[in-house]
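For the sequence shown, counting from 1, position 41 maps to 41 in my numbering; every step adds exactly one.
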Amino acid sequence: MIFVDWNVIFLIMGMMIFVAILAETNVFRWLAFRMIQASRGRTWLLVASLITLTGVTSAFLNNVTAILLLAPLSIEVALALNIHPFAIVIPEVLASNIGGAITIIGDPPSTIVGSHLNLSFSEYFVHMAPIAILCLIALLVATRVMYRFELAKAKKTISPVLLDELASESTIQDRPTLFKALIVATLTFVLFFLAEFFNRMPPSVVALTGATMLIIWVRPDMHRMIREVDWTTLIFFIGIFISVGALEASGAIGWVARQLGQLAGESIARATLLVTWISGLASGIVDNIPFTVAALPVVDYLTETVPGVLSSRVLYWALILGADFGGNATYLGSATNIVAVGLLTQAGYRMSFGRFMRDGVPITILTLLIATIWLMLRY
């Protein structure tokens with residue numbers, strides 16, 4: 001267990017407890033329905049609102065949870081508007097992976113790298129939020145272009161019968177619990193930002209403190225709460241840390257690091273390009289979680305050997321952006337993609353590997369290009 005980063009494990013566990021309690025209130029579906037009402041028949045405004053909501057939600061909650069909560073409603077909305085569900089759900093998935101880079105708790109690669117560097121919530125946010133938000137905006141523009149013909153044939157209104165049905169399914173289920181959860185969540189996020197002034201309190205401690213406060217105040221069914229925590233994911237993380245630790249001890253990762261070090265030479269720009277694009281390519285082929293854990297020792301080596309890199313931490317930012325954005329290339333790139341494809345299949349809309357790539361690859365290339373330019377100019 002010496003290779004396991006327990007800060008990552010406990011941070012994810014704390015946020016899982018928050019999500020489990022908030023999800024029971026139905027607040028996320030309620031928010032999405034309010035956006036449907038506010039759009040007043042303006043199709044693009046509605047689609048853009050749902051995509052943005054998914055991206056922002058994924059900055060603070062587990063990506064998979066965000067998709068599980070919002071994609072089913074989006075499929076219903078797409079059918080009501082007479083457009084293909086792919087036109088909303090695929091951009092939502094891409095937004096989820098991009099939005100996860102906004103905060104240290106948003107996406108596993110962000111959490112893993114942030115914990116490795118012992119970053120506070122605010123330190124991470126200052127560096128990563130601007131570029132992630134910029135790429136979310138780029139995604140919205142690209143979606144408008146890529147799906148312009150599909151969106152053009154949409155109905156102008158949703159039938160009153162369906163609206164009533166959606167309204168009945170989108171009510172707040174437990175207002176007292178929601179009120180308490182929002183208060184504790186607000187205090188927790190304030191503490192995330194202020195933690196660096198409290199002897200650099202780790203984000204995992206903040207998350208578990210907030211989760212404990214919420215449990216004590218709300219008093220949920222503990223048996224149900226224990227079931228809601230995704231223990232399989234936590235065990236998966238522990239297994240990944242141990243496996244990569246063994247690889248590092250064997251010298252295999254060190255060999256890869258030295259080869260990349262030779263390619264990078266003494267050039268910060270070359271090292272940044274290598275880390276960003278190799279991370280992006282690899283994360284489109286394999287899940288970005290094991291890749292990030294395996295790539296960290298390589299980035300550590302490059303940071304120590306390439307002159308001028310250590311102070312800016314640019315290669316760590318490159319790893320996060322490459323892993324998060326690269327996960328959009330194929331539906332194997334992240335668990336979020338696989339879950340979304342499964343939901344579409346259940347609804348009767350089978351998505352092939354190539355069909356996902358048709359939208360995922362251009363967005364991946366676009367966001368990686370923007371990220372590369374950002375890293376070069378800022379660092």
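Beta carbons are placed, not taken as given, at the ideal position from N, Cα and C, and that holds for glycine.
Since we're looking at a predicted model, the values are computed, not measured.
Sub-7 Å separation of residue i and residue j beta-carbons
{"i": "T65", "j": "V19", "result": "yes"}
{"i": "A138", "j": "I370", "result": "yes"}
{"i": "A294", "j": "V218", "result": "no"}
{"i": "L234", "j": "I67", "result": "no"}
{"i": "A318", "j": "V275", "result": "yes"}
{"i": "S54", "j": "A80", "result": "Per the sequence presented here, residue 54 reads as Thr, with Ser not at that position. No, the Cβ-Cβ distance between T54 and A80 is not below 7 Å."}
{"i": "L61", "j": "R29", "result": "no"}
{"i": "G441", "j": "A329", "result": "Here the chain comprises residues numbered 1 to 379, so residue 441 is not present and cannot be evaluated."}
{"i": "L247", "j": "H116", "result": "no"}
{"i": "L214", "j": "V190", "result": "no"}
{"i": "A264", "j": "R270", "result": "yes"}
{"i": "P130", "j": "L11", "result": "no"}
{"i": "V298", "j": "T272", "result": "no"}
{"i": "T170", "j": "F33", "result": "It is Ser, not Thr, that sits at residue 170 in the sequence shown. Their beta carbons are under 7 Å apart, which means S170 touches F33 by this criterion."}
{"i": "D107", "j": "D324", "result": "yes"}
{"i": "A48", "j": "L166", "result": "no"}
{"i": "T143", "j": "F125", "result": "no"}
{"i": "P220", "j": "I17", "result": "no"}
{"i": "N118", "j": "T336", "result": "no"}
Inter-residue CB distance, residue i and residue j (contact presumed, cutoff 8 Å)
{"i": "I320", "j": "S110", "result": "6 Å"}
{"i": "L229", "j": "M13", "result": "Per the sequence shown, residue 229 should be read as Val rather than Leu. With a Cβ gap of about 6 Å, V229 and M13 count as contacting."}
{"i": "A101", "j": "V89", "result": "Rounded, the Cβ-Cβ distance is 20 Å, inconsistent with contact."}
{"i": "S283", "j": "G342", "result": "That pair is no contact at about 20 Å."}
{"i": "E76", "j": "L50", "result": "That belief does not hold up - the Cβ atoms of E76 and L50 are roughly 11 Å apart, past 8 Å."}
{"i": "I98", "j": "L136", "result": "5 Å"}
{"i": "L302", "j": "G251", "result": "With 8 Å as the limit, L302 and G251 do not qualify as a contact, their Cβ atoms being about 17 Å apart."}
{"i": "S279", "j": "G322", "result": "3 Å"}
{"i": "F121", "j": "F193", "result": "6 Å"}
{"i": "I83", "j": "L151", "result": "6 Å"}
{"i": "V113", "j": "T292", "result": "7 Å"}
{"i": "W277", "j": "L368", "result": "7 Å"}
{"i": "P85", "j": "Y331", "result": "Not really, about 15 Å apart at Cβ, beyond 8 Å."}
{"i": "M201", "j": "A195", "result": "4 Å"}
Segment limits, alpha helix (DSSP H) that includes residue i
{"i": "E304", "result": "N288 to T305"}
{"i": "P72", "result": "N63 to A80"}
{"i": "L310", "result": "Element bounds for L310: n/a, residue is neither H nor E."}
{"i": "E92", "result": "F86 to G99"}
{"i": "V229", "result": "Looking at the DSSP string, V229 is not in any alpha helix (DSSP H), and its letter there is neither H nor E."}
{"i": "D359", "result": "F353 to R378"}
{"i": "L208", "result": "P203 to V218"}
{"i": "G114", "result": "P108 to H116"}
{"i": "G284", "result": "I268 to I285"}
{"i": "G14", "result": "W6 to A23"}
{"i": "I51", "result": "T43 to F60"}
{"i": "R402", "result": "Missing from the structure shown is residue 402; the chain here goes from 1 to 379 and no further."}
{"i": "L119", "result": "That residue, L119, is in no alpha helix (DSSP H); it is neither H nor E in DSSP."}
{"i": "I253", "result": "A252 to A264"}
List in chain order: all unbroken alpha helix (DSSP H) runs of 4+ residues lying wholly within the region 126-196. 148-152, 160-169 and 175-194
Quick one: any contact between the region 353-368 and the region 306-320, if contact means 3 or more CB pairs under 8 Å? no
Specify whether the region 169-181 and the region 8-26 touch according to this definition: at least 3 beta carbon pairs, one from each stretch, less than 8 Å apart. yes
Alpha helix (DSSP H) runs wholly inside the region 314-351, at least 4 long, in chain order: 314-326 and 335-346
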